[in-house]
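So the sequences go chain by chain: A and B.
Take the first sequence: its position 185, counted from the start at 1, is 185 in full-length UniProt numbering, and no numbers get skipped.
Take the second sequence: its position 121, counted from the start at 1, is 121 in full-length UniProt numbering, and no numbers get skipped.
Encoded as structure tokens, the structure appears first; notes follow it.
Protein chains: 2
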Amino acid sequence: MGPITGEQIAEKLSLTRATLRPDLAILTMSGLLEARPRVGYFHSGKFPHQIVAKKIQSLLVADIKSVPIVVSEKCSVYDAVVTMFIEDVGTLFVVKEGGLLEGVISRKDLLKTTLGGQDIQKLPVGVVMTRMPNVLFTHTEESVWSAAWKLITHEVDALPVVRKVAQPDGSDGYEVVGRLSKTNITRLFVELGEGN
Amino acid sequence: MGPITGEQIAEKLSLTRATLRPDLAILTMSGLLEARPRVGYFHSGKFPHQIVAKKIQSLLVADIKSVPIVVSEKCSVYDAVVTMFIEDVGTLFVVKEGGLLEGVISRKDLLKTTLGGQDIQKLPVGVVMTRMPNVLFTHTEESVWSAAWKLITHEVDALPVVRKVAQPDGSDGYEVVGRLSKTNITRLFVELGEGN
């Protein structure tokens, strides 16, 4: 069906435009109808599951990210575990001067290390962390959907949220500005289900 | 606006009912319109975010649960950690004979224990697990939303999916039939965002 103007719809339904306006607004906001200025309304061709997908795709990492918990590369494995318990997080980000990302260490990495029988009071996290450039990350303007896809595809629990910073030597550094975990996604899922 | 029949809509728009049917079906499926037999169509009063909420609320734990990984109460902490790595899960369920739930043990519990300096080859998981009746669980017919709410509110990574079983002594037992984790929720979020 071709486009139809608000006036035409009102005339056909024997209603005023004012009466119709809220209903047209709902259909347009839902994505089922599209409104083109000076042309009119037409069916978008979208189905309800596509409306759900559109909503999910529209959310940004910036909207739901948490505060990052960071340690230095020289921090001992023991202190890293203690930090994890104090801050109640499952992943720590390892940074150098200026807060630039060096590596990531997870509860799983630490559990494996404590099992190894080494002196974890002396062992620095730098030895057991996943090191750049092998660290996956996200940024504030990436969609939550895309970041969640990285978590699932690469089987990690959390991603550092970074901001690219030009270094004096011309290379790129990545300042850690947040944390995005499966907990953030689960909390978002609960909020979307509340319909507020 | 009151209900309006399919015939009346068709007449007002100078279209056949057959032409209208797909559009009415889309609006009804989306939840924006409601159809009442022998009465007609009316606006449901729902907004798009409520459509997203309705979809999320409609999914059941049965649709997305994973296979549970279980150990016996006498299993050592060391063997539990090894099982966790072999099976690549963050939570183990501790069961007695017949697969009945006794407790839950997480990566966090195990990390705390390995740090304690005890002999984890000899220490049984029964000593460090969270024990029934202090274990949160879900069942196949609970909504994923409600299970996700439990994960967030009680700050746990996974729930056992159980089926109630009457015991010979008249008490209730809970057979472990699945596992629902933040990973399942994140994977579902990715799938909903794909719009398939």
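Every residue, glycine too, gets a C-beta built ideally from N, C-alpha and C.
Note that the coordinates shown come from a computational prediction; the quantities given were computed from them, not determined experimentally.
- Within the UniProt domain "CBS" (129-196) of chain A, the residues whose Cβ lies closer than 7 Å to any Cβ of chain B are, in chain order, W145, A148, W149, L151, I152, K182, T183, I185, T186, R187, F189, V190, L192, G193, E194, G195.
- One Cα belongs to Q50 of chain A, the other to L20 of chain B, and the distance between them is close to 21 Å.
- In the same chain as T138 of chain B, and ignoring 5 residues on each side of it, the C-beta atoms closer than 8 Å to its own belong to V61, S146, A147, K150, L159, P160, V161, V162, L180, in chain order.
- Taking the Cβ atoms as the reference, V89 of chain B lies roughly 16 Å from V135 of chain B, outside the contact range of under 8 Å.
- Beta-bridge pairing by DSSP links E175 of chain A to A:L100, A:R163.
- Scanning B:G193, B:F42, B:V52 for the CA closest to the CA of E194 of chain A turns up B:V52.
- Collapsing the DSSP output to three states places V70 of chain B in a strand.
- Taking CB atoms only, Q50 of chain A has a neighbour in chain B less than 8 Å away.
- B:K74 is the residue among B:K74, B:S143, B:V67, B:F93 whose C-alpha sits nearest the C-alpha of Q121 of chain B.
- For T114 of chain B, the chain A residues whose C-beta falls within less than 8 Å of its own C-beta are L111, T114, L115, listed in chain order.
- The three-state secondary structure of T130 of chain A, taken from DSSP, is strand.
- Of the candidates B:I4, B:R107, B:N184, B:I4 places its Cα closest to the Cα of A35 of chain B.
- In the DSSP assignment, F42 of chain B falls within the beta strand (DSSP E) that extends over 40-43.
- In this structure, Y41 of chain B keeps its C-beta atom at 8 Å or more from the C-beta atom of I86 of chain B.
- In this structure, the alpha-carbon of E102 of chain B lies about 9 Å from that of G126 of chain B.
- DSSP, reduced to helix, strand and coil, places E141 of chain B outside both helices and strands of the structure shown, so it counts as coil.
- Contact of D63 of chain B with chain A by beta-carbon distance below 9 Å is absent, the smallest such distance being about 14 Å.
- Annotation: the continuous beta strand (DSSP E) that includes L33 of chain A extends over 33-36.
- Assignment of I86 of chain A by DSSP, reduced to helix, strand and coil, places it in the helix class.
- For L13 of chain A, the nearest beta carbon of chain B is closer than 8 Å to its own beta carbon.
- Neighbourhood of K108 of chain B in chain A, by CB distance below 7 Å: R107, in chain order.
- Counting only residues of its own chain and dropping the five nearest sequence neighbours on each side, G178 of chain B has a CB closer than 6 Å to the CB of K65, P68, V161.
- For K96 of chain B, the closest of B:E175, B:F189, B:V156 by C-alpha to C-alpha distance is B:E175.
- Here P124 of chain A carries a strand assignment [DSSP, helix/strand/coil].
- Interface with chain B (8 Å Cβ-Cβ cutoff): D23 of chain A is included.
- According to the DSSP assignment, K12 of chain B belongs to the alpha helix (DSSP H) that extends over 6-12.
- For M129 of chain B against V156 of chain B, the beta-carbon gap comes to about 13 Å, at or over 8 Å, which does not count as contact.
- Annotation for T183 of chain A: the continuous alpha helix (DSSP H) segment containing it runs 182-194.
- At a C-beta separation below 7 Å, Q57 of chain A has these neighbours in chain B: G193.
- For V81 of chain B, the neighbours in chain A by C-beta distance under 7 Å run, in chain order, L111, L115.
- Restricting attention to B:L24, B:S14, B:L59, the CA atom closest to the CA of E191 of chain B is found in B:L59.
- Listed as beta-bridge partners of T91 of chain A by DSSP are A:S106.
- Sixteen is the threshold: since fewer than 16 other Cβ atoms of the shown chains lie within 10 Å of the Cβ of S171 of chain B, the residue is exposed.
- In this structure, V82 of chain B keeps its C-beta atom at 8 Å or more from the C-beta atom of L111 of chain A.
- Judged by DSSP in its simplified three-state form, L115 of chain A adopts helix.
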